[in-house]
Every structure is written in structure tokens, then in C-alpha cells.
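Protein chains: 2
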Amino acid sequence: MKQYIETNKERFLEELFSLLRIPSVSSLEQHKPDMKRCAERLVELLMEAGADEAAVYPTTGHPVVFGQKLVDPSLPTVLVYGHYDVQPVDPIELWHSDPFEPEIRDGAIYARGANDDKGQLFMHIKAFEFMVRQGTLKHNVKFILEGEEEIGSPSLAAWAKENKERLAADIILVSDTTMISESVPSINCGMRGLSYVEVKVTGPNKDLHSGHYGGAVANPINVLCNMISSLIDKDGHITVKGFYDDVVELSAEDRAKLSRAPFDLEEYKEFLDIKEVKGEAGYTSLERTGIRPCLDVNGIWGGYIGEGAKTVLPSVAHAKISMRLVPNQDSETITRLFEEHFKAIAPDYVKVEVTPHHGGNGFLIPISSPAYKAAEKAMTEVYGIEPVPSRGGGSIPILADLQRILEIDPLLMGFGLERDTIHSPNESYLLKQLFAGMEAIALFYRYY
Amino acid sequence: MKQYIETNKERFLEELFSLLRIPSVSSLEQHKPDMKRCAERLVELLMEAGADEAAVYPTTGHPVVFGQKLVDPSLPTVLVYGHYDVQPVDPIELWHSDPFEPEIRDGAIYARGANDDKGQLFMHIKAFEFMVRQGTLKHNVKFILEGEEEIGSPSLAAWAKENKERLAADIILVSDTTMISESVPSINCGMRGLSYVEVKVTGPNKDLHSGHYGGAVANPINVLCNMISSLIDKDGHITVKGFYDDVVELSAEDRAKLSRAPFDLEEYKEFLDIKEVKGEAGYTSLERTGIRPCLDVNGIWGGYIGEGAKTVLPSVAHAKISMRLVPNQDSETITRLFEEHFKAIAPDYVKVEVTPHHGGNGFLIPISSPAYKAAEKAMTEVYGIEPVPSRGGGSIPILADLQRILEIDPLLMGFGLERDTIHSPNESYLLKQLFAGMEAIALFYRYY
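Chains as they are written, first to last, in my numbering: chain A, -9 to 438; chain B, -9 to 438.
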């Protein structure tokens, strides 16, 4: 594969860039035509790579792309999952280059989606192309590429149910996660679930003059701050009633195994430019993201947020709040518990609304499976060291659904790095990782 | 004056509308040319009304308008203060008509500045015009109209110091406040001061993926909420160290006097559509705005605030926070105390910046003065009932400065009503109050 990459590098980049140039932001209505364009471009790339068939399929939301090459029904089948939608780009002013005009700087591609997930799904198309052209493909390969991962995959589960037969496979292969570091390859063996809600706190029915009313009428921003503040206690525990009921405590042995993953706290703090980390008492930083749930405010707004000063006592305040869940916590249950709790703690001088956004459950991957072993062998060969099993803090809610609906385990071979700052300004993906990923994926097929 | 108003009504409204149509928002850089245009229009109106001289004077910020008619040095001199700048119009989507295209609906003018303060200062120009044209003016009258009241009057104090001679007078007459209700005229005998700051809380040096970092790194929005929440305790007391040191407790007698002002809590709650009021324990609603300081968040923002969901752990969170002060509290001292306190309570996993906006001190007006008595008599004649002395919760910080610099007491004859929702969408001013105000002002001159 190394040689093939060397020969085709320029073409590969041009193809990937053609995907990155399409602003397929799934959460913004205005990008609907771009979603379709991006799906169509993927069909072209799959067909060019050697698929027997590939097409855009409508869903109740953004379309999915499905393509496949069936070599022999007796051979094992790999279902590649990826997503072609990307996160919004705000705050746009912090980008050093146009998020939708990819640039290579210092050995990395800078663009929205460079890593998450256009860059990573592209590796699979190219590894597939390599095997087809070399005549070494000994698997049936299917691709399911969706356009709604960043908004919680509202349509794919239903589509998968209706197309269960078509999606039948032995393993769901996914590259949409990170490795611990360039020198410490790792394979994700578990992901957190997600519950994401938006809350609205209403005080008076109109914006008021803060001089005339300040002190006598509850200010919904102050109230929202009080309510948010009460959601996490001083030990970092989430106070939502029943929140921890289904959290499985790991055994000391399991915790010890996970703690083998190298982690340098000083480097971590330096990378983020923070003096101290903060989290649940009694757990390490890796455990806090790997095996423990958490609650974060992802956005807050209310009152006057323009330049200068305005003496307003606003009518409403809003926040977007998400909870990362660990396997065995049910996303819908947690969303319901949050809603009940948030309404229960609302003082009677405000009104409160809670609107669920998306969510999904976490899951675990058995590290003793043949697929995991094949991935381990492939990565050892590419990186020269055995990969560490790790637990990612992020969520790919749809994977738990696909696992349940299709009855197939996922396998997460992610090649992203912390430095890629996905979801943030200046998302990037190292060329080194892009090419190493292609190699490792091709090797996975050899050993699986 | 009644007859004069009847005859000139149409012209009055056309003149006032010409002021309201100019979007003189002092806090927004883009409206700088409008500020000048508005000042020039006021000069025209003053000259047409009968001033000997009127002109636009530059300051370090937006210009001031000064005009006067000197009748006889032996007569008392009235200095009319007003401001021609207005608050921003956001949230613009809640306006039922263009904020800068005045409309009359149900007997009220709807426009930004209809009351605050273009409508109210206009009454003074017309009462003055009436007296000039009728030959009944028995006072020297000076007008000082500034363009920076809504941003804390950063330039007027310096200008007043340099022009102390020119501004010499016996009383500063101001209409920039409200009456208790249409049926309960009142005269403001004290206003609160103001300290207004903006705070910025920085966590990690970049926006992060909330899945990869959530639970392990302090989220600046959550931290800001905690910090804001801690600023007010459960009894509604502000926790900033030293905050109450200079607050003068009113005697039981003084509190009893102020409590004579009629106040219907049920009506108040209904007007605001709230189930309960909220404020400092041990004080009534009127006391909470009249004689007690308070702290309000006027704006908050951070993270993703667009449509849909984004799983970001943001780098920064911001808030605009103001404190209303009572007489004897010094605005600069409070701003300093706030800054010290806010930095002291910042946990070491975030960085905190505090930027002061504007501020000013509160003040009291002696109700035994001849000017107050004259205003009382004038309002009794117009409304048929004796006005109640009241304590407004708002702030006109510059008045405390002018009082100190010019050594003249202010007198606040305000004709606004709660229903006018100044600083909010759909600001309005009742025509009835506009005309009653002109009448009362003309009568004030008769009795002063």
C-alpha cells in the first residue's frame, strides 16, 4: 500500500479536497443543497474506487450513501461506517484559513472535516481501491456513509431497520475517533453516550429596565446560572436525581488496565494552557473522560450581548447542556431524568422549558474478538508498537443503535489526534496519519 | 398651555417624529453620524422655539447641545438637562413596528426614544416655546442635551467643568424618569447609582470537543455560572466583600413614608406575567428598587448559540453584570470591590478578566426645596392630586456629577410610565403624558 500511496498521493489529496470544499454542515438549513452535493460526490468516489454499485438514498433527513462490492458470499463482510456531514464553523474569526478551502500547512490539512469525518472515511475508500486494483480484496465490502452524525443521526436507525438485509455484515468498521498520540497508537474499545438538551428560562414577559426592576424581579440569567451551578456539586458529581443509577463502577483491575495508557498531565495542561484540571473527585483525567459521565454547558445566551453596555433585565435566558454517558446508561432515560430534575429545581418566579436535542447510548467493544485482534496486528505493523486499548470520551450515538439493529459489533480504528481540534476552529488532519490510516486499514483486511 | 397644545399638536408630533427617526444609538460605532445629525436637529428646534443661541459642541465622545435664552440676570435660571441618545433596539424581532419609524397606536407613540429621552426632553422645548411666544417667560432658561447618557456620560462631566460658568443656574430640571402610574403622579426624590462591568472567563486556550475533554477540563461557562451564582446568597444579599459598607439603612420612619406610595403586588405580577417576585429578604418590592442596591446579569454568552446542537467545550464565557447602588455608595469603589472579589473567587483552572463599563453615583433630592414645592404644585394642578415623593430604581449617573461640579440640585419631573418599557422592544410614550408633561412644566415655571 505504501508504494501505491506514494504513486497516487496527488490524486488522493485532490479527491479529498473536493469533499472538503463542500460545506456540508448538517445542522444548518441553508446547507441542505451542499449535503446532497457531498453525497453525490461520495458516490462518484466509491464507483471510481471499484464499487459494484453506489447510490444516494433519501431518508427523512439528509440522504445516506450506500455502496458495495460483493466478492463472494462465503467470504467475511466488512461494513464501513462514516459520515460526510461536519460541524458548524463558528467562531469563524478564529480560523487561520477558509474552513472550506483546504490548505496544507506543516504537514497537516486544515479544513472543517479534514479529520471528522471526511478525512477518516476517505482512508477506507482508498484502502478499498488499492485492494480492488491489486486484486487482493478477499472480503465483501459495504459502505454506509450518513449525513447526520453531527446532529445525532435522527434518520439512519430507521433506514438501517428497513435495509437490514442489505447492511448485513460481520463487523462495522469505523474511523471516527482518535489515537492517544502519534507515538502511542490505541484502539478505542468503548465510547460514551450522549444526552443533549436545550433549556429556556423565562422571567418577566418582556425585557425590563434593570434600574426600574432590578432587585425586585428575578432575573432569568441569574436564575439560570443558579440552576446550572446546582447541577454539579463541589466534588464534581452530577446532582440530577437518579443520574448514576445505571453507571457501572469498574473493578480495580479494569481501572488498572486502562491506566496503563500513557498520560502526561503536565503536557495536557500545557497543551490547553490551563493551570489546573477539574473533574469528578476520585478519578484520573483519563477516567473522567473514559469511564465516567459528565455534564457540560455547550452554549449559553441571554440579555444584551452586543458591544458596550445595556441596562436590561431580560425576559429569557437559554443554554445548551449536554451529558456524556457511560455504557449501560440509557440516553432517553437520562434526558427524561434531566428534564424532571431541571423543572423540579426551577423556582416559582420563572418558567422553564426543556427541549431534547439528540442523544444516544455508549457501548463497549470486546477486545478479544477476531476483528479487534486483526486491527491490533495491523496497527502494530504500521506503528511498530502494539496499540493500547483505550476508552474514548466522545460519542457516536448511532453506533450503539446499529449494533442493536444489525446485531453486528463495531470496531473503532481511529487515526485522529488531539491536536486536530475537531469541532473547533482550525480543524486539521496530519498527512502522516491519513496515509498511515490507509495502510493500517489495508492490513486489517489482510489479517481479518 | 392646553389651548396652545391643541392648536399646535400636529406640528409638535411632526417635530418630535423628526427626532425619533434618527437612530441615535450611542453605544454603536456605526451610528456616529446619526448622533451628529440628531444634535443638529435639536439646535434647529431650540432656535425655532425661541432660544437666543444654540449650538453643537464637540466633546471627547458624542457632541453636546447647549442653547439658552437669557431674559434678565436678576431672574432665577433653570438648566434643563436631557439626552438625545437612545438604547440599542435588540431584540429587534420583538418590535411590532420599526423602532425608528414612529407610529401612533392606541394613544401612544411607539419608537425607540419615544419616552427615553427624546419624548421627555421635547416637552421642555415646547413648554419653553409656549412661554417665549406668549411673552410669559420669567426665567433664564438653559438647555444642556447630551448624547451619551445611555453609555454612562463619559464626556459630559469634563465638558461641564470647562463650561461651569456657562451652565450656572439655580436648578437642574430633568424629565427622564417615570411616575408611579397615570392616576398616581409622583416626583422622584432619589435615584440609584450604577456600576457596570464586563467579565470574561477563559478555560482552555481553544474550543474543545466536549466528548474528548468533558469531565476532565473545567468548562468556563459552568465556572462562570458558579461564580455568578455565588454573587448573591439565598437571602438576596450581594456577597461582594465590603459591598454594603456604605449603604445607609433608612429609619423606620423614612421607610414608612416611602411605603405610602401605592403599590399593588398582584397588578405588578400580572403586568410582568410572573408567579412570584424575588429580591432581598426583609424589604418590600418598592424598597428593593428604591432604597436597596442590587446586582443583575444584563447579558451572558459563550459556546455555541446557533440553531441545533454543537458538542463544544468552549474556551471562553462572557457576562455583562451591573450593580445598582444607593446614595452614599461610591460607584468607583464598588467597581473596584467587585473586581477584587470576582478575581478572588476565580478557581485556579480558569483565568478571569474584569472590564469596567460606565458607572455613577446615586443621589437624593431635598423635598423641602422651593423647586420641589413648585413641581408639586404644578403636578397637582395638572393631575388633580398631590404627587407622591418616590425613589426611582434607575440611574442617571451624570446628575450626581453635575450636582457636584455645578453645585446645583437636580429636580426630576418624570412623566414616563411603567408601560412604556423603555430600553425594551416597543418602547412607547402616551400622548396624554406628553401633553400633560408640557403643561406641568409650563406651570412649574409659573410657581418657581
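For each residue, glycine too, the CB sits at the ideal point set by N, CA and C.
- Among the residues facing chain B, G280(A) is not included, as its CB has no counterpart in that chain under 7 Å away.
- Around P23(B), no beta-carbon contact reaches into chain A at under 8 Å, the shortest distance being about 17 Å.
- For W85(B) and H413(B), the gap between their C-alpha atoms comes out near 12 Å.
- At least one CB of chain A lies nearer than 7 Å to the CB of E266(B).
- Bounds of the beta strand (DSSP E) holding I161(A) are I161 to V164.
- Ranked by Cα distance from S305(B), the options I324(B), V340(B), R282(B) and E93(B) are led by V340(B).
- Contacts with chain A at 7 Å (Cβ-Cβ) include W291(B).
- Listed by position along chain A, the residues whose Cβ is nearer than 7 Å to that of Q77(B) are K300.
- Ranked by Cα distance from Y373(B), the first of G72(B), F118(B), F425(B) and T323(B) is F425(B).
- If you ignore the 5 residues before and after L146(B), its C-beta comes within less than 6 Å of the C-beta of E136 and I388, all in its own chain and listed in chain order.
- A Cβ-Cβ separation of about 7 Å places G292(B) in contact with L214(B) under the 8 Å criterion.
- Approximately 6 Å separates the beta-carbon atoms of I355(A) and P400(A); this is inside 8 Å, confirming the contact.
- Taking each of A368(A), G272(A) and A148(A) in turn and checking the Cα distance to R282(A), the smallest one comes out for G272(A).
- C-alpha of M37(B) to C-alpha of E43(B): approximately 7 Å in a straight line.
- In chain order, T167, N178 and M181 place their CB closer than 6 Å to the CB of G382(A), counting only its own chain and leaving out the 5 sequence neighbours on each side.
- Listed along chain B is no residue with a C-beta nearer than 7 Å to that of G272(A); the closest approach is about 12 Å.
- 7 Å or more divides the Cβ of I324(B) from the Cβ of I162(B).
- Taking a beta-carbon distance threshold of 7 Å, L389(A) does not count as an interface residue toward chain B.
- Annotation: V164(B) to P92(B) spans about 23 Å, alpha carbon to alpha carbon.
- Within a 10 Å sphere around the beta-carbon of G205(B) sit 16 or more other beta-carbons, which makes this residue buried.
- In this structure, A159(B) keeps its C-beta atom at 7 Å or more from the C-beta atom of T49(B).
- Looking from the CA of L303(B), the closest CA among L10(B), H199(B) and D106(B) belongs to H199(B).
- Proximity of the segment 317 to 336 of chain B to the segment 98 to 117 of chain A falls short of the contact definition, fewer than three beta-carbon pairs being nearer than 8 Å.
- Contact with chain A is absent for P252(B), since none of that chain's Cβ atoms lies less than 7 Å from the residue's Cβ.
- For M313(B), the secondary structure class from DSSP, reduced to helix, strand or coil, is strand.
- L65(B) sits away from H114(B), with the two beta carbons spaced by 7 Å or more.
- Take L35(A), set aside five residues on each side of it, and the residues of its chain with a beta-carbon closer than 7 Å to its own are E5 and I115, in chain order.
- If you draw a 10 Å sphere on the C-beta of I431(A), you find 16 or more other C-beta atoms in it, and that means buried.
- Going by DSSP, K132(A) is part of the beta strand (DSSP E) stretching over N130 to E136.
- Annotation note: the segment 57 to 129 of chain B contains the following uninterrupted alpha helix (DSSP H) runs of length 4 or greater, listed N- to C-terminal: 108 to 124.
- If you look at V372(A), you'll find it in the alpha helix (DSSP H) that goes P360 to Y373.
- Counting only residues of its own chain and dropping the five nearest sequence neighbours on each side, T411(B) has a CB closer than 8 Å to the CB of E417 and S418.
- With respect to the C-alpha of F133(A), the residue from E376(A), F118(A) and P13(A) having the closest C-alpha is F118(A).
- Under the three-state reduction of DSSP output, H199(B) falls in the strand class.
- Under the Cβ criterion of 7 Å, A206(B) is counted among the residues facing chain A.
- At a cut-off of 7 Å between beta carbons, C179(B) makes no contact with chain A.
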